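Engineer: Read in order, the letters of the sequence shown are residues 509 to 891 in our numbering. Have a look at this one.
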Amino acid sequence: MIRLAMVAAGFTGGEADALRRAISNWGKNSKLLTFEHKLKQGMINKGYTADFADRLFNQIKGFGGYGFPESHSASFALLAYVSAWLKCHHPAAFYVGLLNSQPMGFYSPSQLIQDARRHHIMVLPVDVNHSSWDHQILSSADQRQPPIRLGLRLIKGLSEAAGQRIHTAQRQRAFANVADLRQRACLDRGDMEALAAADALSGISGNRYQSHWQTMALEAHRPLLPYDSAAQRSQDDAAVTAAPTLPEDVVADYQSTGLTLRSHPLSLLRHQPPFDRCRRQTELETLGNHCFVRVAGLVTCRQRPGTASGVVFLTLEDETGNINVIVWPAIQERYRQSLMTAQLLLVKGTVESRDGVTHVIAGTLEDCSDRLSALAVQSRDFH
């Protein structure tokens, strides 16, 4: 920028450096405008047209909105290169590193794990007999990429101290049952309930409902129910501990860990109206520009960059990937409630593809969150 001002507009070294400082402060004040006349007139005196001088000054103003020093650029470029190299050559380590650094960054643990699985990395669930506090890479001789074992840190309501005690006791020998787990890891009722809710006890107690039932039984000093007979007791046990349905398990997964390794919620709704008429993310790139489309997905991110003239960018997640949605200000005003609060959003709009990137330009927004029942989905909003 300094060289440009000196060569094209005849600035001295000091004047060009002052221009550089004004550009770096463009977002805070209007010092840059004090150089407008001198820069344009200097370029005209050098033989450039007034139109060219205007365009160049506008480009300089635009650069001031997002540009930053070369040292910052180099640092960011190095981080981007190292991250890209790690994801390409050691993807399991890449994902585990990000997961163990949460909360951070742009993507939630659910999105990171969905992406890992799309890249053919096996992700194993939280298990009190196999998980440590942190997420781990497992050794594997028969797979191209080592699998990932999710850690106890993922479980809502479980303290790190409790997680570390579980891991310490687990390394001595495997837990035989929930009573053995509670005694050897010195867990309280809240810890046990959190583990049962996250289905982390399935290896020692059966399905999620059985885990809850056995955990409750540890608290009782007498039978939980006044049984009239052994037959009645057997019938009640069978009713209480029947395995949850797949939708019930998915809802419980999101409530207890914020993600699921089972079916994506949208895949459970895909064959029901109005979702049966929606395109999947993987289908969008096969459609032509300006083609009308319906899409639906979990809202995972809302953004309104300061340089985007009021445009809101949404990220929707379906069972095949992430859908980028552009919402212009007029549409924002019309559907503000759905835009700001929906967990599951149906969008009608048009496809726009450019340079290998596909967006949906929103025309209408419909909040379908009630179809998720008790599912809690956390989005990253306007960070």
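Each residue gets a CB set at the ideal place from its N, CA and C atoms; glycine is no exception. Just so you know, these numbers come straight off a predicted model, no measurement behind them.
Closest by CA to L806, which one among F543, R812, E825?
Structural biologist: Nearest of F543, R812, E825 to L806, Cα basis: E825.
Engineer: Between which two residues does the beta strand (DSSP E) holding N832 run?
Structural biologist: From DSSP, the beta strand (DSSP E) with N832 extends over 829-835.
Engineer: Beta carbon of T858, beta carbon of H772: below 8 Å?
Structural biologist: Contact flag unset, no.
Engineer: L689: buried (16+ other C-beta within 10 angstroms of its C-beta) or exposed?
Structural biologist: It is buried - the Cβ of L689 has at least 16 other Cβ atoms within 10 Å.
Engineer: For V819, write down the residues that DSSP places opposite it in a beta bridge.
Structural biologist: The partner list for V819 (beta bridge, DSSP) is empty, contrary to what the question assumes.
Engineer: How is L695 classed by DSSP in three states: helix, strand or coil?
Structural biologist: Looking at L695 - three-state DSSP - the assignment turns out to be coil, as it is neither helix nor strand.
Engineer: Quick check: the Cα distance between A584 and A517, rounded to an integer number of angstroms?
Structural biologist: Residue identity differs from the one stated: residue 584 is Phe in this sequence, not Ala. Approximately 31 Å, taken between the alpha carbons.
Engineer: Give me the DSSP bridge partner(s) of F800.
Structural biologist: F800 pairs with T858.
Engineer: I'd like the span of the alpha helix (DSSP H) that includes G711, first residue to last.
Structural biologist: Its alpha helix (DSSP H) spans residues 710-713.
Engineer: So does the segment 756-763 actually touch the segment 706-718, counting three or more Cβ pairs closer than 8 Å?
Structural biologist: In short, these stretches touch, since the Cβ pair count reaches three.
Engineer: In three-state terms, what does DSSP make of Q644?
Structural biologist: Strand.
Engineer: Tell me V915's beta-bridge partners as DSSP assigns them.
Structural biologist: Because the chain is modelled from 509 through 891, residue 915 falls outside the range shown and cannot be assessed.
Engineer: G665 and A725 - do their beta-carbons sit closer together than 8 Å?
Structural biologist: Contact flag unset, no.
Engineer: Going by C-alpha distance, which of L586, D642, F571 is nearest G605?
Structural biologist: Closest by alpha carbon: D642.
Engineer: In angstroms with no decimal places, state the Cα-to-Cα distance between L662 and T794.
Structural biologist: Their backbone Cα atoms lie some 37 Å apart in a straight line.
Engineer: Are the CB atoms of V631 and P655 nearer to each other than 8 Å?
Structural biologist: Contact flag set, yes.
Engineer: Can you find the residues in the same chain that come closer than 8 Å, C-beta to C-beta, to F565, ignoring five residues on each side of it along the sequence?
Structural biologist: Correct list, in chain order: E544, L547, K548.
Engineer: Spell out the partners DSSP gives V865 in its beta bridges.
Structural biologist: Looking at the DSSP assignment, V865 forms a beta bridge with R862.
Engineer: Take T520 and list the residues in its own chain whose beta-carbon comes closer than 6 Å to its own, dropping the five residues that flank it on each side.
Structural biologist: Answer for T520: no residue qualifies.
Engineer: Do you know whose CA, among G711, G818, N832, lies nearest Q678's CA?
Structural biologist: Residue G711 is the option with its Cα nearest to Q678.
Engineer: Do L658 and S639 count as a contact pair if the criterion is CB distance below 8 Å?
Structural biologist: The answer is yes: Cβ separation under 8 Å.
Engineer: Please check if any C-beta of chain C sits within less than 8 Å of the C-beta of Q549.
Structural biologist: No chain C is part of this structure, which consists of one protein chain only.
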